[in-house]
Amino acid sequence: MNPKKSIIIKLWLYMTILTIVTLLFSGLVLSRVFEDFYFNMRKNEMINEGQQLLSLILGGANPAELLDVSKFINAHAVLIDRQGLIQASSNIIKFKGMAIGAKELAEVLRGNIVVHKGHMPQFNASMLTVALPIKTETGVVGGLILYSPMSSIENTVWQIRRLILLAAAIAIMISTGLSFVLSRTVSKPLVQMKKVAEEMAKGEFKSKVDVDTQDEIGTLAKTMNYLSDALNENINALDQEKKQLKNVLLGMTDGVVTFDAEGQVIMANPQAIEIIPQKNGDNYFNILKPLVKQVKDDGEYVSKEMKINGRAISVRMAPLFDEAAKLWGILAVMQDVTRERKLEDLRREFLGDVSHELRTPLTYLQGYTEALLDDMVENQEEYDKYLNIILEETLRLRRLVDELLELSNIEAGHLNIKKDYISIKQLVERVSKKVLPLCSNKNIELITEIEEVPPVIADEDRIEQVVINLVDNAVRYSATGSKLTIKVQPCKEGIIVSVKDSGPGIPEAELPFIWERFYKVDKSRTRQKSGTGLGLAIVKKIIELHEGRVWAQNCAEGGTKFSFFLPWGV
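What follows is the structure in structure tokens.
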């Protein structure tokens, strides 16, 4: 900081200048007072002395002898007549001509005492002149003029001035030091307040002003300390609110973007950036500018579904107004509804699939039943064939209805899970024997790879249903003469059971959806494969009830591996 701008220096300079000006003014006044005092004192002395001389002269004394006495009163004496001409003078100096000016002479002749000071050529010095009138019964007949040098008065005044100047110099030096100390004392709390204020500006509120006086500075210090505490509390509260808002925005699954009144992005949470990323440095939020303009122009809520990067995004925008009802910003909330739209499509497809699945067996049942009732069967062999078809379609219809009911019970929470310690090894071996005929029908080689694993806590019947569903799904989509592998292996948290088929595989984009109900990957072969799209959905629900998880992945050598994880349950 510039020393010239320091409050200590400023106070010191102001106090020093004030002291110097005051002392100089006081010195001048005192000098003038003493000068006037000594002048008046000498003037009065000369008037008294002159009046004494006049008394002697009027008493009959020889004027010439009396005037010689004037040397004892340190003055020169001159007698003048009414014309101002010198009648007699002291032997100190011999005057020539008039001893007094015409104006002063006129005053003396009027009976007045005249006092004058100034330079006298006759003496070549500054003189104090006192002229007294000589009065008789007939009036003023002349005057007595006394001259006294001013040197004695001037010397005395000069000595006094020297003393005053010396005292002033000493006083200035003392006052300068005292004013500096005083300015430091007065400004110390102010400097401390400045430091505290600078720390407050940096966000530090721990420092306090340590001033305990009862004056205005003490009050200011207490006010600043209170201000520091209040600001600290308010900033902490704002910071807490900011963190809470940030956590809310970060925790939201929806994308949130705030625009200013000009349509520029103020804030966007990570979810919004994930939904609408940047590409090649271009801001993808520009795709929302038409909606922003619409909200800005209309000042109303806007909702629209948009296709962004191949995803369905629901965008809702609302204007933000200040207390003066002036638009200051726009809030946009974006939600990725791709999954919901996909599921809606799946449900629509399911309704068509279920309708067809129900219509097909019912059509067979109706057709073959009518043929039997109309005696259109020619022999027993054909009769038995019709009855077998009716039975197969009835079983197919029942299986579809059973799976629908089971899935509904699971989703409604009505499925009762009875957990106990079970051996996965024995369960897989038992399932392998059950599905062996199913594999043999398509000449599929069933391979089991079972490692030694401890028992797990689970519902044995439901886990067996899961494995059967996975194997049944794998058999349906595996080619004749291929291989099917069931594998059991332990991991740190539990066990993993996988079923690998030799089918055509599943497109990577479809993998996240195969566990959803009503979903079939191969729509063109739905009728041939006779699936309902419910088996894998049931598998997922049962495993989730066991706090496990399911997944599927394509294998490099071909086929797809369906896996599920079961925790130890202990």
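Under the working numbering, the first residue of the sequence shown is numbered -18, with each subsequent residue one higher. Where is the CB? At the ideal position from N, CA and C, for every residue including glycine.
{"Query": "Buried or exposed (CB count within 10 angstroms, at least 16 for buried), N215", "Result": "exposed"}
{"Query": "Extent of the continuous alpha helix (DSSP H) run through R297", "Result": "From DSSP, R297 is part of no alpha helix (DSSP H) but of the beta strand (DSSP E) over R292 to F302."}
{"Query": "Strand pairing of D241, partner residues [DSSP]", "Result": "G310"}
{"Query": "Endpoints, the beta strand (DSSP E) within which G40 is located", "Result": "Run containing G40: none; DSSP gives neither H nor E here."}
{"Query": "Pair within 9 angstroms by beta-carbon distance, L269 and A299", "Result": "no"}
{"Query": "For N105, the nearest candidate out of P130, V448 and V111 (CA to CA)", "Result": "P130"}
{"Query": "I403 versus E374: straight-line alpha-carbon distance, rounded", "Result": "36 angstroms"}
{"Query": "Endpoints, beta strand (DSSP E) assigned at G124", "Result": "G120 to P130"}
{"Query": "The region 512 to 531 contacting the region 448 to 458, beta-carbon criterion three pairs below 8 angstroms", "Result": "yes"}
{"Query": "Buried versus exposed call for L547 [16 or more other C-beta atoms within 10 Å across all chains shown]", "Result": "buried"}
{"Query": "Exposure of V412, with buried meaning 16 or more beta-carbon neighbours within 10 Å", "Result": "buried"}
{"Query": "As assigned by DSSP and simplified to three states, the class of W532", "Result": "strand"}
{"Query": "Pairwise C-alpha distance: A87 and S36", "Result": "22 angstroms"}
{"Query": "For H97, the residue or residues it bridges with in DSSP", "Result": "T110"}
{"Query": "G262 versus I256: straight-line alpha-carbon distance, rounded", "Result": "Note that G262 scores 43 on pLDDT, short of 50, meaning its location in the model is unreliable; the coordinates nonetheless yield the value given after this. So the two alpha carbons sit approximately 16 angstroms from each other."}
{"Query": "Start and end residues, beta strand (DSSP E) containing V318", "Result": "First-last for V318: undefined, no H or E at that position."}
{"Query": "F104 (DSSP reduced to helix, strand or coil)", "Result": "coil"}
{"Query": "Helix, strand or coil at T507 [DSSP, three-state]", "Result": "For T507, the predicted model reports a pLDDT of 43, less than 50, meaning its position is unreliable; a value from the coordinates is still stated below. Of the three classes helix, strand and coil, the one that applies to T507 here is helix, per DSSP."}
{"Query": "Cβ shell of V416 (< 6 angstroms), same chain only, five flanking positions each side left out", "Result": "V452"}
{"Query": "Where L386 falls, given that 16 or more other Cβ within 10 Å makes a residue buried", "Result": "exposed"}
{"Query": "Cβ-Cβ distance between G540 and K468 below 9 angstroms", "Result": "no"}
{"Query": "Short Cβ contact (9 angstroms threshold) for W549 with G475", "Result": "yes"}
{"Query": "Proximity below 9 angstroms, CB of L127 to CB of A58", "Result": "yes"}
{"Query": "Three-state secondary structure (DSSP) of G262", "Result": "Unreliable positioning characterises G262 in this predicted model, as indicated by a pLDDT of 43, which lies under 50. The coordinate reading is nonetheless provided below. DSSP places G262 in coil when its eight states are reduced to three."}
{"Query": "Outcome for C472 when other beta-carbon atoms lying within 10 angstroms are tallied against a minimum of 16", "Result": "exposed"}
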